[in-house]
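Colleague:
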Amino acid sequence: MTSPLVLGVVLPLLATASPAPSSARWGLHWNAPSECIQAAPLARAVEARLGRSVFGALPDVLIHGVLEQASSSGWSARLTLVDARGTVLGSRDIDSAAPACADIERRLVLVLALMIDPEALRPREPTVAPSELEPASEDAAPPPDARPDPTVDEAPLDEASPPTRAAPWPGRSTVSITGLATTGFSDGLAWGGRLGWRGAGSVTWLVGLSVVPWARSELGDGRVDLTLATPEVGLCPLVVGDSRWEVSACATAAFSFVMADSQGTLVDEVDLLVRGEAGARAQWELRLGRTTGLHVGGGASVGWLRPSLPLRSAWEGRLGAPLSAFVELGLSFRGP
Numbered sequence: 119m120t121s122p123l124v125l126g127v128v129l130p131l132l133a134t135a136s137p138a139p140s141s142a143r144w145g146l147h148w149n150a151p152s153e154c155i156q157a158a159p160l161a162r163a164v165e166a167r168l169g170r171s172v173f174g175a176l177p178d179v180l181i182h183g184v185l186e187q188a189s190s191s192g193w194s195a196r197l198t199l200v201d202a203r204g205t206v207l208g209s210r211d212i213d214s215a216a217p218a219c220a221d222i223e224r225r226l227v228l229v230l231a232l233m234i235d236p237e238a239l240r241p242r243e244p245t246v247a248p249s250e251l252e253p254a255s256e257d258a259a260p261p262p263d264a265r266p267d268p269t270v271d272e273a274p275l276d277e278a279s280p281p282t283r284a285a286p287w288p289g290r291s292t293v294s295i296t297g298l299a300t301t302g303f304s305d306g307l308a309w310g311g312r313l314g315w316r317g318a319g320s321v322t323w324l325v326g327l328s329v330v331p332w333a334r335s336e337l338g339d340g341r342v343d344l345t346l347a348t349p350e351v352g353l354c355p356l357v358v359g360d361s362r363w364e365v366s367a368c369a370t371a372a373f374s375f376v377m378a379d380s381q382g383t384l385v386d387e388v389d390l391l392v393r394g395e396a397g398a399r400a401q402w403e404l405r406l407g408r409t410t411g412l413h414v415g416g417g418a419s420v421g422w423l424r425p426s427l428p429l430r431s432a433w434e435g436r437l438g439a440p441l442s443a444f445v446e447l448g449l450s451f452r453g454p
């Protein structure tokens, strides 16, 4: 009998899958430790449970799965449904307190089978022609249970395996905290920090806020001290990676709110100015743990809005150089 807990985990997720189980093509992207079940055996066990082939090339729906050891004890698996356009349809977690990962495999097969075909739990009655029906004798043994065995330990597996790839990391939205160095606002490098968010999917959005608390330029007729706060938004049309790393490239637009302190022979004033920028950035994230990764990024931007400064010798009297660049290093954290 199927556990109510399994049904409670699976049925809400089934409502998010739009393709009909009988017509949809499915793909399985699976990542698990070497001592646990791998992608090909898992896919074959699911197909054996369903009694037909469901995985193939150019799938309509992808199931991204990751099996990891829990921080305290036991195992945790996360299954995410993604359509062919990269849109996340839903995700669910499956946990097991057993120390061996083999104890969670049976539940994984059942949950995956139900995600693909909700009818997998219903009894499968053989189709018999009316002419073939015979009255049962009183001494005949009762018919065996027609319900399929929910276990997959004894199910025969086909030799052919469907094409599989490793599940991507992070596979979800990420929050990054980084330190950065930038050019174009001081005599050398100016240092600051950045807080960023990037959504999940192959095409996604990016939002960030960077702060440079102090940048100084020494001029022939004085100096300029700048403090910058720069909110930005972007679109990331390129995201590639595997279970250990991910690279994304984004186009961004930003406005820098700048406090400019100009000091010179004839000038002593503080102005609040706004600089407009358009640029491109790329980031590489390397998985360090279950929910954390190393974040390395860089990019450049063009100042299309550069207000005037009181000191004309500073960047030809404009706020900052026409072109600025940055590099950043920090940590990224996988979101829900």
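Counting from 119, one number per residue, gives the positions in the sequence shown under this note's numbering.
Just so you know, even glycine gets a beta-carbon here, dropped at the ideal spot from N, CA and C.
Computed from a predicted model, the values in this text were never measured in an experiment.
(1) Return the chain-ordered list of same chain residues with a C-beta closer than 8 angstroms to the C-beta of L275, the five sequence neighbours on each side being excluded.
(2) Who are the Cβ neighbours of D386 in its own chain at under 8 angstroms, not counting the five residues just before and after it?
(3) Do L437 and V376 count as a contact pair if the criterion is CB distance below 9 angstroms?
(4) Would you tell me roughly how many angstroms separate the C-alpha atoms of L390 and T345, rounded to the nearest one?
(5) Measure the beta-carbon distance from L207 to L337 and round it to whole angstroms, keeping in mind my assumption that it falls under 8 angstroms.
(6) Residues in the same chain with beta-carbon distance under 8 angstroms from Q156, minus the five sequence neighbours each way, listed in chain order, please.
(7) Quick check on DSSP: helix, strand or coil for D389?
(8) Assuming the contact rule is C-beta atoms closer than 8 angstroms, T296 and E395 should be a hit. Round their C-beta distance to whole Å, please.
(9) Could you tell me which of W402, L313, R334, G326 sits nearest to L356, measuring between CA atoms?
(10) Any idea if A258 is buried or exposed, counting beta-carbon neighbours within 10 angstroms, 16 or more meaning buried?
(11) Within a Cβ cutoff of 7 angstroms, which residues of the same chain sit near R143, ignoring the five residues on either side of it in sequence?
(12) My guess is that W315 and V325 are in contact by the Cβ rule of under 8 angstroms, so how many angstroms apart are they, rounded?
(13) Need the endpoints of the beta strand (DSSP E) that L146 sits in, please.
(14) For W332 versus D339, is the C-beta distance shorter than 9 angstroms?
(15) Less than 9 angstroms separating the beta-carbons of A416 and F444?
(16) Could you tell me whether the Cβ atoms of A439 and G421 are closer together than 9 angstroms?
(17) Output needed for E223: all residues of its chain with C-beta closer than 6 angstroms, excluding positions within five of it in sequence on either side, in chain order.
(18) Once you ignore the five residues that flank T348 on each side, which residues in its own chain have a CB closer than 6 angstroms to its CB?
(19) To the nearest angstrom, how far is it from the Cα of I234 to the Cα of A369?
(20) Out of curiosity, what's the CA-to-CA distance linking L404 and W433?
(21) In angstroms with no decimal places, state the Cα-to-Cα distance between P217 and R196.
(22) Are L228 and D201 touching if we call contact CB-CB under 9 angstroms?
(23) Does the distance from the C-beta atom of G310 to that of A318 stay below 9 angstroms?
(24) Would you mind listing the beta strand (DSSP E) stretches within the segment 298-345 that are 3+ residues and don't spill past its ends, in chain order?
(25) What residue range is occupied by the uninterrupted beta strand (DSSP E) comprising D201?
(26) Leaving out five residues before and five after A220 in sequence, what residues of the same chain have Cβ atoms less than 8 angstroms from its Cβ?
(27) State the start and end residues of the unbroken alpha helix (DSSP H) segment that holds A231.
(28) Going by C-alpha to C-alpha distance, which of L168, E237, L427, W363 sits closest to G411?
(29) Based on DSSP bridge pairs, tell me the residues matched to T348.
(30) What residues match up with Q104 in a beta bridge as DSSP calls it?
(31) Within this structure, are the beta carbons of S294 and L313 separated by less than 9 angstroms?
(32) Among L427, L353, T205, which residue has its Cα nearest to the Cα of R341?
(33) Buried or exposed for R170, please, with buried defined as at least 16 other CB atoms from any protein chain shown within 10 angstroms of its CB.
(34) By DSSP's criteria, V357 is part of a beta bridge. Which residues make up the other side?
(35) Would a C-beta distance cut-off of 9 angstroms place G183 and L232 closer than the cut-off?
(36) When you compare only the Cα positions, how much space is there between V351 and L168?
Modeller: With the structure as the only source:
(1) The pLDDT assigned to L275 is 36, lower than 50, so where the model puts this residue is not dependable; a value taken from the coordinates is nonetheless given after this. Correct list, in chain order: P159, R162, A163, A166.
(2) S380
(3) yes
(4) 10 angstroms
(5) Contact flag wrong, Cβ pair sits at about 57 angstroms.
(6) W148, A150
(7) strand
(8) At roughly 18 angstroms, the Cβ-Cβ gap does not stay under 8 angstroms, so T296 and E395 are not in contact.
(9) W402
(10) Because the pLDDT at A258 is just 49, under 50, the model does not fix this residue reliably, and the value given afterwards should be weighed accordingly. Exposed, since its Cβ has fewer than 16 Cβ neighbours within 10 Å.
(11) G174, L176, P177, D178
(12) 5 angstroms
(13) 144-149
(14) no
(15) The question names Ala, yet the displayed sequence has Gly at residue 416. Contact flag set, yes.
(16) yes
(17) I155
(18) S328, A372, S374
(19) 37 angstroms
(20) 38 angstroms
(21) 17 angstroms
(22) no
(23) no
(24) 308-316, 322-337
(25) 193-201
(26) C154, I155
(27) 220-234
(28) W363
(29) S328
(30) In this structure the chain extends from 119 to 454, so residue 104 is not present and cannot be described.
(31) yes
(32) L427
(33) exposed
(34) S366
(35) no
(36) 45 angstroms
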